[in-house]
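Data first, discussion second: the structure below is written as structure tokens.
Numbering (our numbering), first residue to last: 21 to 241.
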């Protein structure tokens, strides 16, 4: 028995920064301001021709030199801009009629006030870090002749197994990886200005490209 296909479209946006939002009760809510990009339908796949139903979304216009020739030729054949972001999403076959190539995705179908969303993006890179900062490990004593303050300590046994086991936590690069923050509440959505306010922080610095989708694992308080 095959599982039913869930429509989980994502919207591409850009992080503008954080600010405060005051609700009707006068409470100050920390919010992140996201500017939504123009998410355009670039391709529609049907069960008859392709074997499944899906739509491809394009956003984030780039110069010609930043796209490879197959992608550039495919977009120019359809008279579409040079989208640097292209991603395909499975949908129900009955929903294909509501999508047309070259037209934007109606973000109000996905984003509404008080909804919960998941936001994904590249986190801030912090460079090569040690065990204390990277994994919140305890440091060693700083008195009585100790020479090891922030060293990792033992990384394995001696004769057996006689090697460092795979997956051992070691000093490494911190940040600069794809991170998803789940269940952020939509505080306000201005469709005309394409601005989205979500409660809390999201990955990355100002200008980071983010994908926003309806929450998959919704948190029930």
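Cβ coordinates follow ideal geometry from the N, Cα and C atoms, glycine included. Nothing here was measured: the structure is a model prediction, and the numbers come from that model.
DSSP three-state call for residue 90: helix, strand or coil?
Reduced to three states, the DSSP call for residue 90 is helix.
Could you give the distance in angstroms between the alpha-carbon of residue 52 and the alpha-carbon of residue 222?
Using only the alpha carbons, I get a separation of about 7 Å.
Within a Cβ cutoff of 7 Å, which residues of the same chain sit near residue 113, ignoring the five residues on either side of it in sequence?
Spatial neighbours of residue 113 in its own chain (CB-CB distance under 7 Å, excluding positions within 5 residues in sequence) are listed in chain order as 67 and 73.
Considering only residues of the same chain and omitting the five flanking positions on each side of residue 168, which have a CB-CB separation below 6 Å?
Around residue 168, the same chain offers 160 as residues with beta carbons nearer than 6 Å, after the five sequence neighbours per side are excluded.
Please state whether DSSP places residue 30 in a helix, a strand or coil.
Taken through DSSP and simplified to helix, strand or coil, residue 30 comes out as coil.
Helix, strand or coil: how does DSSP classify residue 107 here?
Three-state DSSP puts residue 107 in a strand.
Beta-carbon proximity of residue 140 to residue 199, cut-off 9 Å:
Going by C-beta atoms, residue 140 is nearer than 9 Å to residue 199.
Could you check the C-alpha separation between residue 108 and residue 30 for me, to the nearest Å?
Each residue's Cα considered, the two are about 10 Å apart.
Assigned secondary structure, residue 115 (DSSP; H/G/I helix, E/B strand, else coil):
Residue state for residue 115 is assigned as helix, using DSSP reduced to three classes.
Measuring CB to CB, does residue 77 end up less than 9 Å from residue 105?
At the C-beta level, residue 77 and residue 105 come within 9 Å of one another.
Burial state of residue 180, where buried means 16 or more other Cβ atoms lie within 10 Å
Exposed.
Candidates 32, 120, 125 and 218: which alpha carbon is nearest residue 98's?
The candidate whose alpha carbon is nearest that of residue 98 is 120.
Any 3 or more C-beta pairs closer than 8 Å across the segment 137 to 152 and the segment 187 to 195:
By the C-beta criterion, the segment 137 to 152 is judged to be in contact with the segment 187 to 195, since at least 3 inter-stretch pairs fall below 8 Å.
Rounded to the nearest angstrom, what separates residue 10 and residue 154 at their Cα positions?
Residue numbering for the chain in the displayed model covers 21 to 241; residue 10 lies beyond these limits and cannot be assessed.
Cα separation between residue 218 and residue 225?
Near 16 Å, if we compare the C-alpha coordinates of residue 225 and residue 218.
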